[in-house]
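J.: The following block contains the structure, expressed as structure tokens.
In UniProt numbering, the protein residues as written are 1 to 84.
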């Protein structure tokens with residue numbers, strides 16, 4: 001049905017398509033997913049914010065100010081008492 005030359009071209013085309021598919025799957029497996037990138041950025045921003053807050057508190061302590069750290073349990077109890 002097919003000539004020898006046509007069969008060879010179909011084989012080359014099939015191997016090329018297989019190679020492209022395997023290559024693309026490997027490429028995608030090496031890429032970071034969007035949510036991983038976003039989570040890494042959020043974690044870095046959080047750590048930076050924590051360090052800046054701690055540095056600011058240390059600076060306030062060095063100037064002799066009393067640093068008050070808000071605790072959500074204390075705030076909730078205070079809100080409950082003041083609401084009554």
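Ideal placement from N, C-alpha and C gives every residue a C-beta, glycine not left out.
(1) Could you give the distance in angstroms between the alpha-carbon of residue 109 and the alpha-carbon of residue 29?
(2) Ordered along the chain, which non-local residues of its own chain (more than five positions away) have a Cβ less than 7 Å from that of residue 64?
(3) Assuming residue 38 is part of the alpha helix (DSSP H), what are its boundary residues?
T.: This is what the structure holds:
(1) The structure shown does not extend to residue 109, since the chain is modelled only from 1 through 84, so no value can be given for it.
(2) Cβ neighbours of residue 64 beyond the five flanking positions: none.
(3) Membership of residue 38 in the alpha helix (DSSP H) is indicated by the continuous run 34-62.
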